[in-house]
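Visitor: Here it is, the structure in full.
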Amino acid sequence: MCVRPSVYLDVINQQVQWRETARWIKFEEDVEEETERWGRPHVASLSFRSLLELRRTLSHGAVLLDLDQKTLPGIAQQVVEQMVISDQIRAEDRGNVLRALLLKHRYTQPPSPWFHQLVKLRISQRGEINVSLLEKIPEKAEATVVLVGSVGFLDQPSMAFVRLQEAVPLESVLEVPVPVRFLFLLLGPPTLSPVLLQKFHEAAYMADDRQDLLTAINCFLDSSVVLPPSEMEGDDMLRSVSHFQRDMLRKNKLSSLQNDPLPVYPPVPRRPGPVQARRRPPEADGSSVRGLVKDVARRYPQYLTDIRDAMNPQCMAAVIFIYFAALSPAITFGGLLGEKTEGLIGVSELIVATALHGLVFSILGAQPLLIVGFSGPLLVFEEAFYSFCKQTEMEYLTARVWIGFWLVLIVVLTVAFEGSFLVRFVSRFTQEIFSFLISFIFIYETFSKLVKIFQEHPLKSNCSVVGEPNTALLSLVLMSGTFLMAFYLRKFKNSVFFPGRLRRIIGDFGVPIAILIMVLVDWSIADAYTQKLSVPSGFSVSTPEKRDWFISPLGSDGQFPVWMMCASVLPAILVFILVFMESQITALICSKKERMLTKGTGFHLDLLIIVAVGGISAMFGLPWLSAATVRSVTHTNALTVMSKAVAPGDKPRVQEVKEQRVTGFLVAVLVGLSIVMGEVLRQIPLPVLFGIFLYMGVMSLNGIQLTDRLLLLMMPAKYHPDLSYVTKVRTVRMHLFTCVQLLCLSLLWVVMSTAAALAFPFVLLLTIPVKRLLLPRIFTHREIQCLDADDAEPRLDDLQVQDEYTQMQMPV
1 MCVRPSVYLD
11 VINQQVQWRE
21 TARWIKFEED
31 VEEETERWGR
41 PHVASLSFRS
51 LLELRRTLSH
61 GAVLLDLDQK
71 TLPGIAQQVV
81 EQMVISDQIR
91 AEDRGNVLRA
101 LLLKHRYTQP
111 PSPWFHQLVK
121 LRISQRGEIN
131 VSLLEKIPEK
141 AEATVVLVGS
151 VGFLDQPSMA
161 FVRLQEAVPL
171 ESVLEVPVPV
181 RFLFLLLGPP
191 TLSPVLLQKF
201 HEAAYMADDR
211 QDLLTAINCF
221 LDSSVVLPPS
231 EMEGDDMLRS
241 VSHFQRDMLR
251 KNKLSSLQND
261 PLPVYPPVPR
271 RPGPVQARRR
281 PPEADGSSVR
291 GLVKDVARRY
301 PQYLTDIRDA
311 MNPQCMAAVI
321 FIYFAALSPA
331 ITFGGLLGEK
341 TEGLIGVSEL
351 IVATALHGLV
361 FSILGAQPLL
371 IVGFSGPLLV
381 FEEAFYSFCK
391 QTEMEYLTAR
401 VWIGFWLVLI
411 VVLTVAFEGS
421 FLVRFVSRFT
431 QEIFSFLISF
441 IFIYETFSKL
451 VKIFQEHPLK
461 SNCSVVGEPN
471 TALLSLVLMS
481 GTFLMAFYLR
491 KFKNSVFFPG
501 RLRRIIGDFG
511 VPIAILIMVL
521 VDWSIADAYT
531 QKLSVPSGFS
541 VSTPEKRDWF
551 ISPLGSDGQF
561 PVWMMCASVL
571 PAILVFILVF
581 MESQITALIC
591 SKKERMLTKG
601 TGFHLDLLII
611 VAVGGISAMF
621 GLPWLSAATV
631 RSVTHTNALT
641 VMSKAVAPGD
651 KPRVQEVKEQ
661 RVTGFLVAVL
671 VGLSIVMGEV
681 LRQIPLPVLF
691 GIFLYMGVMS
701 LNGIQLTDRL
711 LLLMMPAKYH
721 PDLSYVTKVR
731 TVRMHLFTCV
741 QLLCLSLLWV
751 VMSTAAALAF
761 PFVLLLTIPV
771 KRLLLPRIFT
781 HREIQCLDAD
791 DAEPRLDDLQ
801 VQDEYTQMQM
811 PV
C-alpha cells in the first residue's frame with residue numbers, strides 16, 4: 001500500500017511553504033479550504049484532460065528510476081540536475097528550484113487543543129506525529145510524495161518522477177514516519193492548472209524506462225471511465241457505471257490476448273499475513289486414534305497463550321454478555337424441558353449441565369471458543385423420547401442412562417477410526433439449513449412465550465386503574481426494548497459520535513447495558529406485574545419428590561428390561577447424530593478462514609469431550625448438550641478485534657480473535673453460581689431474556705447467505721448486489737436453489753413439529769445426499785460452485801450483521 005500526500009506550494013504568514021492539501025490511503029481526503037480540516041473520504045476522480053496533460057508532461061520530464069539517495073537534499077540535487085539536462089529549467093534557475101524543493105512543510109492539524117488529546121497526538125523531537133493516522137496505515141507501507149506548485153521564475157511546466165532504490169524516511173516531509181519510495185514534482189508558472197496524479201502502482205514499481213510508464217498510463221486511459229456531472233451521489237453514482245466498466249475491462253482483456261499484449265507487470269509481493277488455522281477436518285489415514293493425538297499435540301502446547309490472551313477488557317465484556325447468552329437458554333429451554341418431561345429434567349438440571357460441560361470443555365477442549373449448551377433439536381428429541389417411554393411404560397431417566405453408555409462407546413469408536421472426517425461432506429448447503437433452523441427456533445420460542453403471556457394476561461380496558469396493570473404490554477416493551485437497545489448499542493461502535501475508544505466500550509458492553517436499563521425500567525414501574533426469572537433455590541433437582549441426583553442403571557425397582565438396555569443403541573445413534581452435526585458444523589462456522597484464527601481446532605478431541613461428558617452425565621439425570629451454534633458464534637464475534645490499520649473510508653478487517661480459555665471458563669463458573677445468586681437473578685424479568693433470545697436469533701439470521709437470498713426473492717433484479725452468486729448465476733436459477741433449501745428447511749420443521757420428531761436426525765442427514773446427488777441433476781457444476789462453495793462469498797461474520805464492521809470511517 002502506498003500513502004500519497006499531495007502538497008502544494010503556498011504563501012503562509014509571509015513565508016513560502018509546502019502546504020498539505022490532500023492525502024490518499026486507498027481513498028482520497030481533501031483539505032477544505034474554508035475550514036482547514038479534512039473532508040470525508042471519497043473515491044478520487046479526474047478528467048481525461050488532466051490525465052492527458054500528465055502523460056504529455058511525463059514524456060518530456062525528468063524520470064529517475066532506482067535513485068540511490070537517502071536524504072531529501074541529495075534527492076533534490078539529483079532532480080534539479082536532471083531537470084537542467086532535460087531542458088526543463090534554465091541553468092540559472094537551478095538554485096531557485098533547489099530552494100523550493102527544500103522549503104518547510106506544513107500539515108493540516110486538528111482545529112482545537114481538546115481534540116489533540118482525543119486523537120492522541122504526541123510531541124517528539126521530529127515534530128508532531130499523528131498517531132491516529134499512523135494506526136490506519138499497515139506495516140511495511142511506503143509513501144509517495146506529490147509536490148505541485150506555481151512559481152514566478154518559471155515560464156513552462158517542469159516535472160520530475162523519482163523512484164528511490166529503496167524506501168527511506170525523509171525528515172519533516174510527512175506527518176507520519178512512513179518511508180518514502182516515490183516522489184512526483186510539478187512546478188510551473190502561476191497559470192498552470194494543478195494536475196492530479198493517479199495510481200499506476202505496479203508500473204511504478206516495475207518500470208525499466210520511460211516508455212514503460214507511458215504504456216502504463218495508456219492502459220489506464222483505456223480502462224478509465226469519465227463520470228459526468230450529475231445529481232447522483234455515493235453508491236448510486238458508482239452503481240451506474242460499475243456494469244459498464246466491468247464489460248469494458250473484459251473486452252480490453254480479451255483484446256489484449258488476441259493481439260500483441262501490452263506489458264503486464266507482476267504484483268508487488270505483500271507481507272504475508274498471520275498463519276491461518278486449518279479449517280477443515282483432516283482426512284482419515286486409517287491409523288487408530290491418530291487424529292485425536294494430532295489434536296492434542298497441536299493445541300495443548302498453546303495452553304499458556306490461551307490464558308495470557310485473555311488479559312484484555314474485551315474479554316471481560318464478552319464474559320458478561322455470554323453469561324446471559326448462556327443462562328437465558330438454560331432457563332428458557334429448562335422450563336420447556338420441564339414441561340415436556342413433567343419435571344423430571346428442568347431448570348436445575350440444565351444449569352448444572354451447562355456449568356459442568358462448560359468447565360470441562362473450557363479446560364480440555366481444542367477450540368475453547370465453542371460454547372456448550374442445550375438446543376432446539378435436542379429438545380425435540382427429549383420430548384419425543386419421553387412420549388415413547390411413557391407409552392411403553394419405560395423409566396425415562398433409566399433409559400437415558402443406557403443411551404449415555406452407548407453414546408460413550410459410539411464416540412470412542414468414532415474417534416478411534418477418525419470418523420470426524422465425515423464432516424467434510426457437510427457442505428454450505430446443509431450448514432445454512434441447519435444454522436437457519438437453529439436461529440429460527442430462537443426467534444420462534446421468543447414470540448411463542450410472548451404470545452403465551454398475552455393469553456394469560458390480556459390487555460386491560462383501563463390501564464390507569466391501580467391493580468390492573470397491562471402485564472402483557474409491559475412484557476412487550478421490555479422484550480423489544482432489550483432487543484433494540486442491544487442491537488443499536490452494538491452498532492454504536494461504528495457511529496460518528498464520541499471518541500473511538502468510548503464507542504468500542506459502549507458497543508462491547510451493549511447487551512449488559514440493555515439488560516441493566518430494562519431491569520431498572522421494570523423496577524421503576526411498581527404497580528405492574530411481570531414474570532421474573534425462575535432460578536432454583538440451592539443445589540437440588542427440579543422435582544425432589546420424583547427423583548434423586550443419581551439414576552440407577554437398573555431402574556428404581558431393579559427390574560429394567562435387558563432388551564431395552566440393548567435397544568437403547570438406536571436412540572443413542574440419533575442423539576449422536578444431533579450432537580455430531582451441531583458440534584462439527586458450529587466448529588466449521590467459527591473457524592472460517594475470514595476469522596483469521598491461528599491456533600486451530602480439534603474436531604476429534606472436541607467431539608470426544610462433548611459426547612463423553614454428556615454420556616456420563618446421564619447417570620445424574622442431566623441433559624445432553626452440544627456446541628451451541630448461535631452462542632458459539634456470538635462468543636467468537638464478541639472476541640473479534642478489528643484492525644485499526646485501514647484506509648479512511650475502507651472497510652475494517654478482522655485483525656485477530658482472542659483465542660483463549662478464560663472467558664468460557666468464567667461463563668461456566670458464573671452459570672454454576674447462578675443457583676447461589678438466585679435472589680439477585682430472580683429480579684430479572686423474563687421478557688428481558690426473551691429480548692436477548694431475539695437478539696441472538698436475529699443477529700444469526702442476518703449473516704447467513706440463505707437469508708440474503710430470501711431477501712433477494714422480494715427485490716427487483718436491478719437492485720441486487722454485486723455478489724458472485726448473483727452476478728454469475730441467473731436470477732431464476734438462484735431463486736430455484738433458494739427454494740430447494742426452503743423445501744428442506746420446511747420438511748425439517750414439519751418433522752420436528754409432529755410425532756415423527758425422533759426421525760429428525762435422519763432427515764437432517766438426508767440434506768447431504770440431496771446436495772451431492774440431486775442438486776447436480778438440477779444445476780450445473782458452476783452454479784453449485786457459486787451458490788454452495790464454502791468461500792463463494794466470504795462474509796466477515798457468518799452469523800452476525802456485517803454492518804457492525806463495515807461502516808465508513810470518519811476523518812480525524
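Numbering (the UniProt record's numbering), first residue to last: 1 to 812.
C-beta atoms are modelled at their ideal positions from N, C-alpha and C, and glycine is treated no differently.
#1: How many angstroms separate the CA atom of I675 from the CA atom of L570?
#2: Can you tell me the Cα-Cα spacing of L723 and A325, whole angstroms?
#3: Whole angstroms are fine: how far does the CA of I577 sit from the CA of V611?
#4: Suppose you measure from the CA of R19 to the CA of R653; what does that come to, to the nearest Å?
#5: Please determine if the stretch 356 to 375 and the stretch 549 to 561 are in contact, where contact requires at least 3 C-beta pairs separated by less than 8 Å.
#6: When the Cβ atoms of the stretch 159 to 170 are set against those of the stretch 48 to 68, are three or more pairs found closer than 8 Å?
#7: What residue from V477, I513 and N470 has the CA that sits closest to Y488's CA?
#8: Among the candidates S150, R631, G291 and V347, whose CA atom is the shortest distance from the CA of L370?
#9: Give me the residue from V148, G149 and K532 with the minimum Cα distance to V680.
#10: Under a Cβ-count criterion, where at least 16 other Cβ atoms within 10 Å of its own Cβ denotes burial, should K104 be classed as buried or exposed?
#11: For V372, which three-state DSSP category applies?
#12: Tell me the DSSP secondary structure of residue 817 in three-state form.
#13: Return the first residue and the last residue of the beta strand (DSSP E) that Q15 is part of.
#14: For H105, which beta-bridge partners are listed by DSSP?
#15: Would the stretch 85 to 103 and the stretch 50 to 67 be scored as touching if the rule is three or more Cβ pairs under 8 Å?
#16: Report the partner residues of residue 841 according to the DSSP bridge assignment.
#17: Distance, Cα to Cα, G664 vs W749?
#18: So, for E656: in the same chain, excluding its five sequence neighbours on each side, which residues have a beta-carbon less than 7 Å away from its beta-carbon?
#19: Using only alpha-carbon positions, find the residue among E445, I585 and V423 that is nearest to E432.
#20: Just tell me which of A216, F385 and S475 has its CA closest to the CA of A755.
#21: When you compare the stretch 705 to 724 with the stretch 485 to 501, are there three or more beta-carbon pairs, one atom per stretch, that lie closer than 8 Å?
#22: Is the distance from the Cβ of residue 865 to the Cβ of T108 below 9 Å?
#23: Please name the residue in E142, S158 and A143 whose C-alpha comes closest to that of G149.
#24: Let me know if G291 comes out buried or exposed under the rule of 16 or more other beta-carbons within 10 Å of its beta-carbon.
#25: DSSP on A203, reduced to helix/strand/coil?
#26: Using CA atoms only, rank isn't needed, just tell me which of L54, L101, V293 and L133 is closest to H604.
#27: Would L607 and S375 qualify as a contact pair, given that the criterion is a beta-carbon distance under 9 Å?
#28: Tell me the DSSP secondary structure of H720 in three-state form.
#29: Where does D66 sit, in a helix, a strand or coil, going by DSSP?
#30: Can you tell me whether L478 is helix, strand or coil according to DSSP?
#31: DSSP three-state label for H457, please.
#32: Only counting runs of 4 or more residues, tell me where the alpha helix (DSSP H) segments fall wholly within the stretch 282 to 359, in order along the chain.
#33: Tell me the rounded alpha-carbon separation between W549 and V541.
#34: Are three or more beta carbon pairs between the stretch 772 to 781 and the stretch 714 to 721 nearer than 8 Å?
#35: Would you list, in sequence order, the uninterrupted alpha helix (DSSP H) runs of no fewer than 4 residues that lie entirely inside the stretch 652 to 740?
#36: Would the beta-carbon of V751 fall within 9 Å of that of V763?
Guide: In brief:
#1: 35 Å
#2: 32 Å
#3: 11 Å
#4: 32 Å
#5: no
#6: The stretch 159 to 170 makes contact with the stretch 48 to 68, as at least three CB pairs between them are under 8 Å.
#7: Among V477, I513 and N470, the Cα nearest to that of Y488 is on I513.
#8: R631
#9: K532
#10: exposed
#11: strand
#12: This structure cannot settle anything about residue 817, because the visible part of the chain is limited to 1 through 812.
#13: Q15 to I25
#14: W18
#15: yes
#16: Nothing in the structure corresponds to residue 841, since the chain is present only between 1 and 812.
#17: 31 Å
#18: If the five residues before and after E656 are omitted, its C-beta is found closer than 7 Å to the C-beta atoms of M596 and V641, all from its own chain and listed in chain order.
#19: I585
#20: F385
#21: no
#22: Since the first residue shown for the chain is 1 and the last is 812, residue 865 is missing from the structure and cannot be characterised.
#23: Closest by alpha carbon: S158.
#24: Within 10 angstroms of the beta-carbon of G291 lie 16 or more other beta-carbons, which makes it buried.
#25: Judged by DSSP in its simplified three-state form, A203 adopts helix.
#26: Put simply, of L54, L101, V293 and L133 the residue whose alpha carbon is nearest the alpha carbon of H604 is V293.
#27: no
#28: coil
#29: strand
#30: The answer is helix: DSSP assigns L478 an H, G or I state.
#31: coil
#32: 290 to 299, 303 to 308 and 313 to 340
#33: Taking C-alpha positions only, W549 is separated from V541 by approximately 7 Å.
#34: no
#35: Correct list: 662 to 673, 678 to 681, 686 to 701, 705 to 712 and 724 to 727.
#36: yes
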